[in-house]
Amino acid sequence: MSLEADALADRRRLRRKLSFWRVAAFVVALIAVLAAIGMTARDGNILPVNHIARVNIHGIITDNREQQKLLRDIADNKRAKALILDIDSPGGTTTGAEALFEAIRAVADKKPVVASLGTVAASGGYIAAIGADHIVARGNTLAGSIGVIIQWPNATELLGKVGVAVKSVKSSPIKAEPTPYT
Numbered sequence: 001m002s003l004e005a006d007a008l009a010d011r012r013r014l015r016r017k018l019s020f021w022r023v024a025a026f027v028v029a030l031i032a033v034l035a036a037i038g039m040t041a042r043d044g045n046i047l048p049v050n051h052i053a054r055v056n057i058h059g060i061i062t063d064n065r066e067q068q069k070l071l072r073d074i075a076d077n078k079r080a081k082a083l084i085l086d087i088d089s090p091g092g093t094t095t096g097a098e099a100l101f102e103a104i105r106a107v108a109d110k111k112p113v114v115a116s117l118g119t120v121a122a123s124g125g126y127i128a129a130i131g132a133d134h135i136v137a138r139g140n141t142l143a144g145s146i147g148v149i150i151q152w153p154n155a156t157e158l159l160g161k162v163g164v165a166v167k168s169v170k171s172s173p174i175k176a177e178p179t180p181y182t
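So for the sequence shown, the numbering used here puts the first residue at 1; every next one is plus one.
In structure tokens, the structure reads:
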């Protein structure tokens, strides 16, 4: 009987130790979770360390409010010490490029901004790049080309030789322009 009583006492002692270690592990895990939540809530980052933010501007540029909000968040984030823009864009809308330029300048007012140009940074892509403090481009990067171009043929002489006269009725001298007949 004494062996059985000793075995029961040992088993009870082991259960107490196991229960203690289970509770201790739960408390440690709870403290770790609360610490992670506290760091996230305090700074908005899971690991609040200083870093350099990077934003990709690829493809057609439009009035992208999410991208503008991202740039505002980077400007306001005390942990983001600088911004690298990775630009590979043929351009896009004029209002989108202007809004992007202004958002980049808002970041540049608070921290350094560098634009890294890829294959092409034309039109609105170039406007975004000039919003940065410093631009880095490869030797074969197609950069620049701001503006709008429209071309049309002037068939006035040809039509005159054939004997065709083109007449138009318009409310203003610049209405219906451009036209290949003038």
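By construction, the Cβ of each residue, glycine as well, lies at the ideal position given by its N, Cα and C atoms. The model shown is predicted, which means the values in this text are computed figures rather than measured ones.
- Taken through DSSP and simplified to helix, strand or coil, residue 79 comes out as coil.
- In terms of CA proximity to residue 78, 53 leads the group 53, 93, 26.
- Taking C-beta atoms as the reference points, residue 57 and residue 165 fail to come closer than 8 Å.
- If you ignore the 5 residues before and after residue 103, its C-beta comes within less than 6 Å of the C-beta of 68, 71, all in its own chain and listed in chain order.
- Residue 81 and residue 136 have their alpha carbons spaced roughly 19 Å apart.
- Closest by C-alpha distance to residue 142, out of 151, 91, 108, is 91.
- In this structure, residue 89 sits near residue 61, with a CB-CB distance shorter than 8 Å.
- Collapsing the DSSP output to three states places residue 119 in a strand.
- Check the Cα spacing between residue 155 and each of 21, 178, 106: the tightest is with 178.
- In the displayed model, residue 32 falls within a helix according to three-state DSSP.
- Under the criterion of beta carbons closer than 8 Å, residue 147 and residue 122 do not qualify as touching, at roughly 10 Å.
- DSSP places residue 127 in the helix class (H, G or I) of the three-state scheme.
- For residue 169 and residue 101, the gap between their C-alpha atoms comes out near 41 Å.
- Nearest in C-alpha terms to residue 115, of all of 24, 124, 109, 133, is 133.
- Under the DSSP assignment, residue 139 falls outside any beta strand (DSSP E); it carries neither an H nor an E label.
- The three-state reading of DSSP puts residue 74 in helix, counting H, G and I together.
- Classified as exposed, residue 160 has fewer than 16 neighbouring CB atoms from the shown chains inside 10 Å of its CB.
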